[in-house]
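Have a look at the structure below, then the notes.
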């Protein structure tokens, strides 16, 4: 019997819910994307790695949102580990669960409706790369 058939279906559903919850906010998607570009044991500096060019927010506000909302949610899921000093983040033991979703989106960027691409810097870049 394949390993995936031995999983508790309710647990699998809850895991997917957590993955999509983790990716439901732009700063968290930016963090996951930034961590995809560093070695497995690499760290990225915050709040810079979570800045979204399309959304204007102060670094101080973003710092507070990361510390009190975004990072605890990502860490609780096992997707990241983070430090307050220096304010930075690295991949957690379940990082692959959120990475695969973004990998899938990026691989199919040209098939995504334009209304979901416009304003998302990474998806815009992926679409532009495939057009040339």
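Numbering (my numbering), first residue to last: 3 to 134. The C-beta atom is built at its ideal place from N, Cα and C for all residues, glycine as well. In this text the structure is predicted, and so the values were computed from the model without any measurement.
Pair within 7 Å by beta-carbon distance, residue i and residue j
i	j	result
residue 49	residue 65	yes
residue 106	residue 94	no
residue 90	residue 47	yes
residue 100	residue 25	yes
residue 104	residue 34	yes
Alpha-carbon spacing of residue i relative to residue j, whole angstroms
i	j	result
residue 12	residue 102	20 Å
residue 63	residue 55	15 Å
residue 59	residue 67	11 Å
residue 119	residue 73	25 Å
residue 136	residue 132	Beyond the ends of the chain as shown, which are 3 and 134, falls residue 136; an answer cannot be given.
residue 123	residue 129	10 Å
residue 44	residue 84	12 Å
residue 127	residue 15	32 Å
residue 23	residue 113	23 Å
residue 71	residue 8	34 Å
Assigned exposure category for residue i - 16 Cβ within 10 Å defines buried
i	result
residue 115	exposed
residue 29	buried
residue 37	buried
Nearest neighbour of residue i, chosen from the options [CA to CA]
i	options	result
residue 52	27, 42, 41 and 44	27
residue 98	68, 76, 9 and 110	76
residue 111	78, 43, 42 and 125	125
residue 86	100, 8, 69 and 92	69
residue 78	21, 109 and 10	21
residue 121	17, 10 and 57	57
Heavy atom of the ligand ADP within 6 Å of residue i beta-carbon
i	result
residue 38	Here there are no bound small molecules, and the ligand ADP is not part of this structure.
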